[in-house]
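Visitor: Quick one: the structure is below, and I'll ask about it shortly.
Residue numbers (my numbering): 812 to 897.
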């Protein structure tokens with residue numbers, strides 16, 4: 812039976828170090844993917860909330876209302892613009 816060979820201590824340490832680094836990076840990537848999903852879910856929630864508020868404001872101020880989100884000013888959209896959109 813042939814005698815088995817082994818890596819030197821330096822080689823073994825180097826290989827183990829690289830494998831540990833690789834595994835840590837995979838874990839970090841998994842964490843980032845989970846964070847991305849949470850952010851996308853949060854964006855979807857904000858979009859849903861926005862639609863509810865938009866519907867309430869449309870009901871209160873009319874479909875022809877144009878709201879400036881910076882100032883809160885409400886103006887009416889010209890009828891011809893609405894007709895073009897429809």
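Virtual Cβ for every residue (Gly too), placed ideally from N, Cα, C.
Alpha carbon to alpha carbon, how far is residue 850 from residue 884?
Guide: The alpha-carbon atoms of residue 850 and residue 884 are separated by roughly 31 Å.
Visitor: Give me the Cα-Cα distance between residue 846 and residue 889, rounded to the nearest whole angstrom.
Guide: Rounded to whole angstroms, residue 846 to residue 889 spans 44 Å at the Cα level.
Visitor: Report the three-state DSSP secondary structure of residue 816 (helix, strand or coil).
Guide: Here residue 816 sits in coil by DSSP.
Visitor: Between residue 877 and residue 886, which are expected to be in contact by the criterion C-beta below 8 Å, what is the C-beta distance as a whole number of angstroms?
Guide: About 5 Å; that satisfies the 8 Å criterion.
Visitor: Per DSSP, which one or two residues make a beta bridge with residue 887?
Guide: Answer is 876.
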